[in-house]
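Trainee:
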Amino acid sequence: MLAALTIGCLDVIAALPSNVEAEALLRARLIDNGLVKGVAVALVDQSGIRVVTLGVSRDGVPLKESDLFEIGSVTKTFTGTLLAIAIERGEVAADDPVEKYLPQGIALRDRENAPIRLVDLATHRSGLPRLASNFKPKDGQNPYVDYTEADLISWVKSFKADKVRNDQYAYSNIGYGLLGYVLVRAAKTADYASLVSERVFKPLGMNSTTAAPSAMRSRLIQPHDPSGRPVPVWDLPTAHAGAGAIRATAGDMGIYVQALSGATTTSLANAFALATKAREQGPNLINPIGFAFMRVPLAERTLINHDGATLGSSASLVVDPNAKEGVFLVANTQAKLTELAIHLLDKRMPLPALDLPKQIAVSAQTLAQYAGTYKLTEAMSVTVRLREGKLTAQATGQGEFELFAESQTKFFAKVTPLVIMFADVAEGKARSFVLEQGGAKLRASRVE
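Residue 514 is where the sequence shown starts when you use this note's numbering, and the numbers rise one by one after that.
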């Protein structure tokens with residue numbers, strides 16, 4: 514998710530790039546430097562949808578427009594839209610307590626014993642954690658697959674809030690999984706995949722999009738970690754489906770962008786207006802949030818945005834409803850795409866320099882000193898691993914990415930501008946590190 518982005522004086526809204534220009538930019542920024550294996554973009558304006566694909570879907574297989582990508586947390590915008598549709602249908606109200614739609618007798622209250630509402634889930638202001646306390650994956654590379662509806666209900670029953678609802682923004686995957694779950698119950702339908710298909714995919718004509726883990730699986734591309742190694746597709750059944758289950762082609766996501774931007778007339782126009790309406794403060798004052806959709810100020814423009822990531826896929830959705838245009842950018846590798854997606858929408862958006870620090874070789878013995886789990890905040894830890902001679906890092910609830918050595922103690926990431934400096938080595942173990950990102954510095958201590 515993009516936070517706190519605003520760009521100074523832009524003059525006139527620029528046209529989207531041609532297909533040739535888009536291909537050259539994607540090649541220079543993502544393919545030639547090995548950041549991603551394959552990438553697709555849907556460029557949408559009032560003249561229609563253009564799709565550009567580049568790279569491979571798997572080793573030696575060129576990417577096709579018909580290939581399906583994981584879109585990760587961009588799924589949340591569909592769940593927010595489902596909430597808006599349910600409100601329009603009179604099935605729910607935004608201020609309804611979540612517990613109204615849970616199995617009988619189950620309550621969901623905040624620290625002051627006030628009922629947590631549907632709108633609190635939809636705006637990430639419920640006070641729920643990013644992940645449930647009983648979320649303990651058996652397979653770290655497909656972490657959501659074995660978290661069941663029974664696990665979700667068990668966690669809700671045991672949940673003890675330490676925050677007041679609607680007090681502050683805190684991104685929650687379990688919150689959006691729960692929102693999808695209760696919307697299914699309110700609609701009295703079979704599952705999330707059926708609900709989103711009937712109410713969003715079919716009305717828009719998104720025939721190559723699914724939230725069912727087993728559907729169209731042969732068309733799924735191979736995801737890759739930041740080092741280019743193949744990793745499994747993530748499967749998100751009932752308990753987390755609303756947070757990240759959708760797979761789609763770039764072309765189908767272009768149809769979604771068309772509808773969101775108002776470039777085409779759709780029966781969902783009122784629901785999209787309700788879902789994208791700014792309601793509460795997001796991660797900061799300049800990024801208010803609707804039902805998942807985040808506002809991003811860009812001088813005279815106001816964009817709506819949501820990003821997505823799994824272990825091996827990345828996506829960014831950026832739409833300007835006033836200009837009736839937008840971009841959906843997706844890759845089959847974990848990479849940072851937001852700034853590039855905005856640049857494709859408006860080329861006056863500056864891009865960071867391509868230059869990365871010079872990488873050096875570090876012995877396996879030295880790297881082994883850094884492996885371990887480090888507590889970064891009360892809610893987040895970072896696990897550093899040594900895999901096949903390469904150092905990786907993985908924050909709570911996020912994908913794993915490789916760290917590259919700039920010195921014997923200083924490491925950088927290619928997936929996002931981030932530096933980790935290990936310190937306090939004793940008895941063959943680093944006891945802490947300092948993480949630098951976005952101008953901020955955070956110290957993390959090893960957890961034994």
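Beta carbons: idealized from backbone N, C-alpha and C, even for Gly.
#1: Quick one: using the 10 Å Cβ neighbour count with 16 as the cut-off for buried, is K510 buried or exposed?
#2: Between E578 and S826, how many whole angstroms is the CB-CB distance? I'm expecting something under 8 angstroms.
#3: Out of A784, A884, Q771, A599, state which residue places its alpha-carbon closest to the alpha-carbon of Y694.
#4: Taking the CB atoms as reference points, tell me whether G821 and V587 lie closer together than 8 angstroms.
#5: Can you name, in chain order, every residue of its own chain whose Cβ lies under 8 angstroms from the Cβ of Q559, other than the five neighbours on each side?
#6: Determine which residues share a DSSP beta bridge with Y887 and list them.
#7: Whole angstroms is fine: what's the gap from R861's alpha carbon to L853's?
#8: Along the beta strand (DSSP E) that carries Q771, what are the first and last residues, could you check?
#9: Do A918 and V875 have their beta-carbon atoms positioned less than 8 angstroms apart in this structure?
#10: What do you reckon, are the CB atoms on G764 and G585 nearer than 8 angstroms?
#11: Just curious, the beta strand (DSSP E) that R630 is in, first and last residue?
#12: If you run the structure through DSSP and keep just helix, strand and coil, what is D963?
#13: Please state whether the Cβ-Cβ distance between L595 and L634 is less than 8 angstroms.
#14: Between L529 and L567, how many whole angstroms is the CB-CB distance? I'm expecting something under 8 angstroms.
#15: Where does G821 fall in DSSP's three states?
#16: Examine the Cβ distances between the stretch 720-728 and the stretch 695-709 and report whether three or more of them are shorter than 8 angstroms.
#17: Just curious, the beta strand (DSSP E) that S685 is in, first and last residue?
#18: How many angstroms separate the CA atom of L621 from the CA atom of A699?
#19: Could you please give me the residues that DSSP links to R814 through a beta bridge?
#20: Where does F841 sit, in a helix, a strand or coil, going by DSSP?
#21: Drop a sphere of 10 angstroms on the beta-carbon of R638, count the other beta-carbons inside from all chains shown, and report buried for 16 or more, exposed for fewer.
#22: Go through its chain and collect everything with a Cβ distance to G547's Cβ below 8 angstroms, but skip five positions before and after it.
#23: Suppose you measure from the CA of S829 to the CA of I687; what does that come to, to the nearest Å?
#24: From the DSSP output, read off the bridge partner residues of V565.
#25: Where DSSP assigns a beta bridge to T636, which residues make up the other side?
#26: Mark A892 as exposed unless 16 or more other C-beta atoms lie within 10 angstroms of its C-beta, in which case mark it buried.
#27: Is the CB-CB distance between Y689 and G618 below 8 angstroms?
#28: Find the nearest neighbour of I562 within the set N532, D748, G767, L538, judged by alpha-carbon distance.
#29: Just checking, does the stretch 781-801 make contact with the stretch 839-850 on the three C-beta pairs under 8 angstroms criterion?
#30: Sort out for me which residues DSSP pairs F946 with in a bridge.
#31: Distance, Cα to Cα, S945 vs R900?
#32: Out of Q911, L867, V809, state which residue places its alpha-carbon closest to the alpha-carbon of L543.
#33: Should L798 be labelled buried (16 or more other beta-carbon atoms within 10 Å of its own) or exposed?
#34: Would DSSP call R571 helix, strand or coil?
#35: What are the boundary residues of the beta strand (DSSP E) that S710 is part of?
#36: On the DSSP bridge list, what partners appear for V831?
Mentor: Let's see:
#1: Residue 510 lies beyond the range of the chain shown here (514 to 961); nothing can be said about it.
#2: Not a contact, Cβ separation roughly 17 angstroms.
#3: Selected option, being the one with the closest Cα: A599.
#4: Against a cut-off of 8 angstroms, the Cβ pair of V587 and G821 comes out as a contact.
#5: These residues qualify, in order along the chain: A776, K837, E838.
#6: By DSSP's assignment, Y887 forms a beta bridge with V895, R959.
#7: Distance between the alpha carbons of R861 and L853 is about 11 angstroms.
#8: Per DSSP, Q771 lies in no beta strand (DSSP E) segment; the continuous alpha helix (DSSP H) that holds it begins and ends at 763-774.
#9: For V875 and A918, yes; Cβs fall inside 8 angstroms.
#10: G585 is positioned such that its CB atom lies no closer than 8 angstroms to that of G764.
#11: The continuous stretches of beta strand (DSSP E) do not include R630, and DSSP gives it neither H nor E.
#12: In the structure as shown, the chain begins at 514 and stops at 961. Residue 963 is therefore absent and cannot be evaluated.
#13: The answer is no: Cβ separation not under 8 angstroms.
#14: The distance from the Cβ of L529 to that of L567 is about 17 angstroms, inconsistent with a contact at the 8 angstroms cut-off.
#15: In the structure shown, G821 sits in a strand (DSSP, three-state: E or B).
#16: Taking 8 angstroms as the limit for Cβ pairs, the verdict is that the stretch 695-709 does touch the stretch 720-728.
#17: Premise fails: S685 is in no beta strand (DSSP E) and is neither H nor E.
#18: L621 and A699: Cα-Cα distance of roughly 16 angstroms.
#19: As computed with DSSP, R814 is found in a beta bridge with L811.
#20: Correct three-state label for F841: strand.
#21: The Cβ neighbour count for R638, taken over all protein chains shown within 10 Å, is at least 16; the residue is labelled buried.
#22: Apart from the 5 residues on each side of it in sequence, G547 sits with its Cβ closer than 8 angstroms to the Cβ of G741 in its chain, given in chain order.
#23: Taking the straight line from one Cα to the other gives about 21 angstroms.
#24: Partner(s): V554.
#25: Checking the DSSP bridge columns, you'll see T636 has no partner listed.
#26: Residue environment: A892 is assigned as exposed (fewer than 16 neighbouring CB atoms within 10 Å of its CB, all protein chains considered).
#27: At a Cβ-Cβ threshold of 8 angstroms, Y689 and G618 do not count as neighbours.
#28: Minimum Cα distance to I562 is reached at G767.
#29: When Cβ pairs closer than 8 angstroms are counted between the two stretches, the stretch 781-801 is seen not to touch the stretch 839-850, the count staying below three.
#30: Per DSSP, F935, A957.
#31: Their backbone Cα atoms lie some 20 angstroms apart in a straight line.
#32: Nearest of Q911, L867, V809 to L543, Cα basis: L867.
#33: Counting other Cβ atoms within 10 Å of its Cβ, L798 stays below 16 and is therefore classed as exposed.
#34: Strand.
#35: Per DSSP, S710 belongs to no beta strand (DSSP E) and is neither H nor E.
#36: For V831, which the question treats as bridged, DSSP gives the partners N818, V840.
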